[in-house]
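K.L.:
Residue numbers (the numbering used here), protein chains in the order written: chain A, 12 to 228; chain B, 12 to 228; chain C, 12 to 228; chain D, 12 to 228. Think of the CB as a built atom: it goes at the ideal place given N, C-alpha and C, for glycine as much as any other residue. Provided herewith is a single structure, encoded as structure tokens, for subsequent inquiry.
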DNA sequence: CATGAATGAGGATTCATTCAT
DNA sequence: TATGAATGAATCCTCATTCAT
């Protein structure tokens with residue numbers, strides 16, 4: 012109530028402990044799901060006592076929000092959209108997808124797994140996730156698509172639908188992988204390029220002087 | 012467990028009661044998630060007593076399996092892939108996507124929501140779902156893609172990757188809708204065509220004589 | 012939510028079970044105090060399972076409120092004040108005190124013990140108790156004292172202070188007994204008369220030169 | 012436990028800290044009750060760290076005993092009984108009651124509240140309190156009443172019952188005030204005299220055969 | 001001495017499941 | 001078959017207490 016604890020070392024210790032706990036929570040929740048996982052599971056995995064968790068998180072739900080925030084930050088950390096709207100679109104999309112998927116290492120996949128599972132059945136969390144992650148992403152993407160569309164760089168008819176299909180594609184493939192598809196797991200390295208190609212094929216105008224525009228129009 | 016009860020009327024009554032319970036379970040699980048939902052919730056929603064559920068389902072988990080089967084049947088019911096591999100591919104894809112998405116009315120969306128949420132964090136269920144639903148679908152699709160590819164009808168380099176990206180796209184857009192995206196909700200009617208177009212653009216060979224195979228390699 | 016359960020037999024069973032639980036709660040709470048007593052203590056004492064208590068009481072606090080109500084009813088059950096304001100005052104006071112104290116058998120003493128202990132440190136319960144028990148009692152008593160005072164039947168100067176000192180006397184002696192005073196415990200039978208005499212002596216006008224020592228003997 | 016620390020300044024510091032803690036404990040316990048109050052509550056109120064309390068008190072129960080002792084000392088501090096048994100009884104009683112009640116400022120009321128609440132449900136504490144406070148008081152009082160009675164100064168037949176009724180009266184009125192009676196709170200200044208008068212009326216012999224009935228009637 | 005993070009035993013409460021009616 | 005009261009295992013969370021700093 013009084014001391015905002017400006018001690019930077021304390022701050023770091025606290026942050027470290029919180030991360031330690033969230034790491035454990037990610038593992039445990041991904042394995043058993045949020046509801047079936049017990050605080051004891053998390054504590055044991057983190058190598059601490061049950062009660063200690065409550066020195067760092069209000070309650071079990073706060074752990075989930077902590078994971079949501081992690082996913083959030085992980086998403087924001089690669090806000091490459093803003094970076095380069097002037098690049099060649101093909102390069103941009105390719106780079107973006109590549110980046111986006113590379114971001115999902117094993118840890119982030121687990122994060123997504125946990126959060127997604129809960130988001131699907133928890134309205135509160137869903138709203139939070141949508142407002143914090145999806146809505147801003149779509150809003151930004153719509154701007155770019157609109158601009159590109161106006162500049163004639165892409166032919167996609169609908170600048171609001173396109174980002175959703177694009178995002179859906181990425182999300183869907185991630186989920187198929189999470190659902191245990193062996194092929195995707197093994198060939199995960201090929202996925203970015205394939206995704207980018209698929210996305211681009213729907214966006215790009217036919218290249219060059221051949222007259223095949225009618226296959227889209 | 013003892014009497015096989017061959018009475019057809021009894022059978023129907025039992026099936027009806029089971030459906031009544033599964034309907035309630037779908038609603039309740041979709042609202043609160045499987046773990047947070049209680050048997051009492053389901054019973055109350057179904058308008059019966061708690062104990063009655065146990066006359067029709069072994070335990071709570073059996074309800075979930077019941078829902079998985081429903082989703083299964085719902086999937087199989089439209090096994091249109093087999094039907095018409097000789098159609099024009101564009102028509103076929105369009106028809107397939109259309110069918111596939113139309114199948115997901117509000118009830119099926121809830122089913123998907125529940126099952127997906129659990130599948131993400133329940134290895135057992137995940138394996139079941141994968142083996143019962145995804146694997147057969149992919150296996151079949153791979154055959155067709157291979158055939159089409161060999162016949163030169165499509166240019167997609169990889170007949171194993173393509174169905175996964177295709178399925179991912181459909182699944183991803185469904186999930187975005189489940190996550191509360193207003194645009195998709197409102198323009199749900201436009202989604203099938205957009206999806207089909209996007210999918211086709213990546214599959215169809217350029218209709219001109221330019222060599223576009225390299226955008227996949 | 013739907014059935015108000017008008018079944019009278021059910022009602023009786025429910026009431027009986029509630030009483031069984033409240034009986035146990037009285038004992039346990041009186042022995043260890045509300046906070047130190049566990050639900051398991053109560054359940055064990057009542058000879059039922061822990062969870063069963065929650066079929067009859069919302070939570071632990073509701074048990075306390077149940078006891079408060081019991082004390083309430085026990086108080087109201089002997090609303091003899093109203094009955095006979097026209098009696099000879101001496102008879103009336105004597106009768107009242109007698110009645111009041113006789114009402115406190117072992118069970119009621121325990122009730123008082125528990126409720127009083129909590130009332131002293133629980134504002135909410137205190138307000139409830141004051142409004143439900145004390146305030147009405149005082150309000151009624153004040154009327155009588157006022158009337159008697161106007162009729163010249165008593166000399167007590169203050170019709171608002173008098174009932175409080177009267178009630179305080181009764182309450183105080185009860186508490187001294189609860190605190191383990193052996194003398195009061197052994198001579199509890201003499202208390203009503205002594206109390207009545209003490210009370211009357213402060214109320215009654217001196218009756219001239221009669222020898223009043225014997226009303227103590 | 013090892014060094015008796017004869018340093019008088021240290022002693023004072025320790026005493027001061029103990030008092031600081033007991034002050035906090037009084038407030039907190041009065042507000043939430045002993046069991047519901049946490050060591051952290053007390054520490055925070057005292058403006059110190061949790062652990063520090065354990066440098067001055069063995070455990071939480073020791074805090075309660077500390078408060079009991081305080082009440083004890085507060086009681087003993089005004090051992091006026093001994094002082095003046097030869098005064099006029101009326102003066103003495105009046106003085107005693109006055110003193111007794113004036114002793115209960117807000118702090119002492121809180122003390123009483125806490126201790127009383129616990130004493131009612133804690134046999135150990137109850138015995139302690141009875142033996143340390145009530146029993147000696149009664150023993151002393153009984154002597155005086157006996158003496159007065161033998162000297163004919165009072166008519167109360169029973170020198171053992173009388174002090175208990177007397178003490179009960181005082182205690183009871185204090186408790187009614189603690190229970191939130193507004194009238195007593197506001198007119199607390201009038202209470203001593205009223206109490207004394209009530210007490211005296213039961214003790215004093217009729218003032219001879221004077222005929223003063225008409226001044227009331 | 002003072003601090004407050006860590007501990008883990010303990011307790012209120014929930015809920016899947018059983019079974020007598 | 002339907003019911004719903006009873007059960008008690010399981011779990012979240014609190015908090016007195018310890019102890020390294």
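Would you report the Cα separation of residue 69 of chain C and residue 70 of chain B, rounded to the nearest angstrom?
P.N.:
By one-based count along the third chain, residue 69 of chain C stands at place 58. By one-based count along the second chain, residue 70 of chain B stands at place 59. Cα to Cα, residue 69 of chain C sits roughly 27 Å from residue 70 of chain B.
K.L.:
Pull up the distance between the alpha-carbon of residue 194 of chain A and that of residue 21 of chain A, whole angstroms please.
P.N.:
Taking the first residue of the first chain as position 1, residue 194 of chain A is located at position 183. Taking the first residue of the first chain as position 1, residue 21 of chain A is located at position 10. Approximately 46 Å, taken between the alpha carbons.
K.L.:
Mapping DSSP to helix, strand and coil, what is residue 7 of chain B?
P.N.:
The first residue shown for chain B is 12 and the last is 228, placing residue 7 of chain B beyond what the model contains.
K.L.:
Give the residues of chain A in contact with residue 175 of chain B, contact being defined as C-beta atoms less than 7 Å apart.
P.N.:
On the second chain, position 164 is the one that residue 175 of chain B refers to. What residue 175 of chain B touches in chain A: 184, 187, 192, 194, 195.
K.L.:
Measuring CB atoms only, is the segment 175-186 of chain A touching the segment 147-156 of chain A, in the sense that at least three cross pairs come out at less than 8 Å?
P.N.:
With the cut-off at 8 Å, the segment 175-186 of chain A and the segment 147-156 of chain A touch.
K.L.:
What does the alpha-carbon distance come out to for the pair residue 219 of chain B and residue 118 of chain B?
P.N.:
By one-based count along the second chain, residue 219 of chain B stands at place 208. By one-based count along the second chain, residue 118 of chain B stands at place 107. Reliability fails at residue 219 of chain B, whose pLDDT of 40 lies under 50, so the model's placement of it is uncertain and no value is given.
K.L.:
Tell me whether residue 12 of chain C sits in a helix, a strand or coil according to DSSP, three-state version.
P.N.:
Mapped onto the third chain, residue 12 of chain C falls at position 1. For residue 12 of chain C, the pLDDT reaches just 44, beneath the cut-off of 50, and the residue's location in the model is therefore unreliable, although a value from the coordinates is still provided. In the structure shown, residue 12 of chain C sits in coil (DSSP, three-state: anything other than H, G, I, E or B).
K.L.:
Would you check if there are 3 or more beta carbon pairs closer than 8 Å linking the segment 127-137 of chain C to the segment 158-166 of chain D?
P.N.:
Short answer: they don't touch.
K.L.:
Quick one: which chain B residues come within Cβ less than 9 Å of residue 181 of chain A?
P.N.:
For this step, residue 181 of chain A is matched to residue 170 along the first chain. By Cβ distance, chain B contributes 179, 183.
K.L.:
Starting from residue 110 of chain D and walking both ways along the alpha helix (DSSP H), at which residues does that stretch end?
P.N.:
Residue 110 of chain D sits at position 99 when you count from the first residue of the fourth chain. Run containing residue 110 of chain D: 100-113, per the alpha helix (DSSP H) assignment.
K.L.:
For the alpha helix (DSSP H) containing residue 190 of chain A, list its first residue and its last residue.
P.N.:
Along the first chain, read from residue 1 onward, the residue named residue 190 of chain A stands at position 179. Counting along the chain, residue 190 of chain A falls outside any alpha helix (DSSP H), and DSSP gives it neither H nor E.
K.L.:
What does the alpha-carbon distance come out to for the pair residue 47 of chain A and residue 129 of chain B?
P.N.:
Along the first chain, one-based indexing puts residue 47 of chain A at 36. Along the second chain, one-based indexing puts residue 129 of chain B at 118. So the alpha carbons of these two residues sit roughly 11 Å apart.
K.L.:
Quick one: give me the first and last residue of the alpha helix (DSSP H) that residue 148 of chain A is part of.
P.N.:
If you number the first chain from 1, residue 148 of chain A lands on position 137. Unbroken alpha helix (DSSP H) run through residue 148 of chain A: 146-161.
K.L.:
Can you tell me whether DSSP reads residue 137 of chain B as helix, strand or coil?
P.N.:
The residue you call residue 137 of chain B lines up with position 126 of the second chain. It is helical.
K.L.:
Does the contact criterion of 3 or more C-beta pairs under 8 Å hold for the segment 19-35 of chain D versus the segment 53-60 of chain D?
P.N.:
The answer is yes - the segment 53-60 of chain D touches the segment 19-35 of chain D, with three or more Cβ pairs under 8 Å.
K.L.:
Using the C-alpha atoms, what's the distance from residue 28 of chain D back to residue 205 of chain D?
P.N.:
By 1-based counting over the fourth chain, the position of residue 205 of chain D is 194. By 1-based counting over the fourth chain, the position of residue 28 of chain D is 17. Cα to Cα, the separation comes out at about 40 Å.
K.L.:
Given a cut-off of 8 Å on the beta-carbon distance, is the pair residue 187 of chain A and residue 182 of chain B in contact?
P.N.:
Residue mapping note: residue 187 of chain A aligns to position 176 of the first chain, counting from 1. Residue mapping note: residue 182 of chain B aligns to position 171 of the second chain, counting from 1. Against a cut-off of 8 Å, the Cβ pair of residue 182 of chain B and residue 187 of chain A comes out as a contact.
K.L.:
Just to confirm my understanding: we take residue 39 of chain A, look at its own chain, exclude 5 residues before and 5 after, and list those with CB closer than 8 Å. What are they?
P.N.:
Taking the first residue of the first chain as 1, we reach residue 39 of chain A at position 28. 48, 52, 53, 56, listed in sequence order.
K.L.:
Does the beta-carbon of residue 161 of chain B have 16 or more other beta-carbons within 10 angstroms, so that it is buried, or is it exposed?
P.N.:
Here the question's residue 161 of chain B lines up with position 150 in the second chain. It counts as exposed.
K.L.:
Quick check on residue 12 of chain A - is its C-beta less than 8 Å from some C-beta in chain B?
P.N.:
Numbered from its first residue, the first chain carries residue 12 of chain A at position 1. Summary for residue 12 of chain A: the model assigns pLDDT 44, below 50, so the residue's position carries little reliability; its value from the coordinates is reported in the next sentence. Answer no: the Cβ-Cβ gap between residue 12 of chain A and chain B never drops below 8 Å.
K.L.:
Just to make sure I have the definition right: I need the residues of chain A whose C-beta is within less than 7 Å of the C-beta of residue 165 of chain B. Which are they?
P.N.:
Here residue 165 of chain B corresponds to residue number 154 of the second chain, with the count starting at 1. The premise fails here: residue 165 of chain B is roughly 12 Å from chain A at the closest Cβ pair, so nothing lies under 7 Å.
K.L.:
Given this structure, state the Cα-to-Cα distance separating residue 170 of chain B from residue 157 of chain B, to the nearest angstrom.
P.N.:
Translated into the one-based positions of the second chain, residue 170 of chain B becomes position 159. Translated into the one-based positions of the second chain, residue 157 of chain B becomes position 146. Approximately 5 Å, taken between the alpha carbons.
K.L.:
Who are the neighbours of residue 44 of chain A on chain B, taking C-beta pairs under 7 Å?
P.N.:
One-based indexing of the first chain puts residue 44 of chain A at position 33. Those within 7 Å of residue 44 of chain A in chain B are 46, 132, 133.
K.L.:
Do residue 41 of chain B and residue 125 of chain B count as a contact pair if the criterion is CB distance below 8 Å?
P.N.:
Mapped onto the second chain, residue 125 of chain B falls at position 114. Mapped onto the second chain, residue 41 of chain B falls at position 30. Result yes, Cβ atoms of residue 125 of chain B and residue 41 of chain B sit closer than 8 Å.
K.L.:
Going by C-alpha to C-alpha distance, which of B:208, B:19, B:190, B:185 sits closest to residue 112 of chain B?
P.N.:
Here residue 112 of chain B corresponds to residue number 101 of the second chain, with the count starting at 1. With distances taken between Cα atoms, residue 112 of chain B lies closest to B:185.
K.L.:
From the beta carbon of residue 201 of chain B, is the nearest beta carbon of chain A less than 8 Å away?
P.N.:
Position 190 of the second chain, counted from the start, is the residue given in the question as residue 201 of chain B. Closer than 8 Å: yes.
K.L.:
For the alpha helix (DSSP H) holding residue 64 of chain C, just list the boundary residues, first then last.
P.N.:
Your numbering for residue 64 of chain C matches position 53 in the third chain. First-last of the alpha helix (DSSP H) with residue 64 of chain C: 61-64.
K.L.:
Whole angstroms is fine: what's the gap from residue 45 of chain B's alpha carbon to residue 192 of chain C's?
P.N.:
For the purposes of this step, residue 45 of chain B is taken as residue 34 along the second chain, with counting starting at 1. For the purposes of this step, residue 192 of chain C is taken as residue 181 along the third chain, with counting starting at 1. Spanning the two alpha carbons is a distance of roughly 59 Å.
K.L.:
Taking C-alpha atoms, which residue in A:105, A:86, A:100 lies nearest to residue 146 of chain A?
P.N.:
On the first chain, residue 146 of chain A is found 135 positions in, with the first residue counted as 1. Nearest C-alpha to residue 146 of chain A: A:86.
K.L.:
When the Cα of residue 26 of chain B is compared with those of B:77, B:210, B:172, B:72, which residue comes out closest?
P.N.:
Position 15 of the second chain, counting from 1, holds the residue named residue 26 of chain B. It is B:77.
K.L.:
I need the straight-line Cα distance from residue 148 of chain A to residue 127 of chain B, nearest angstrom please.
P.N.:
What you label residue 148 of chain A is simply residue 137 of the first chain in a count that begins at 1. What you label residue 127 of chain B is simply residue 116 of the second chain in a count that begins at 1. Approximately 23 Å, taken between the alpha carbons.
K.L.:
Tell whether a beta-carbon distance below 8 Å holds between residue 105 of chain D and residue 173 of chain D.
P.N.:
Here residue 105 of chain D corresponds to residue number 94 of the fourth chain, with the count starting at 1. Here residue 173 of chain D corresponds to residue number 162 of the fourth chain, with the count starting at 1. Cβ distance not < 8 Å, so residue 105 of chain D and residue 173 of chain D don't count as in contact.
K.L.:
Could you give the distance in angstroms between the alpha-carbon of residue 80 of chain D and the alpha-carbon of residue 197 of chain C?
P.N.:
In the fourth chain, residue 80 of chain D corresponds to position 69, counting from 1. In the third chain, residue 197 of chain C corresponds to position 186, counting from 1. Roughly 29 Å between the two C-alpha positions.
K.L.:
When you compare only the Cα positions, how much space is there between residue 131 of chain C and residue 24 of chain C?
P.N.:
Taking the third chain and counting its residues from 1, one reaches residue 131 of chain C at position 120. Taking the third chain and counting its residues from 1, one reaches residue 24 of chain C at position 13. The alpha-carbon atoms of residue 131 of chain C and residue 24 of chain C are separated by roughly 34 Å.
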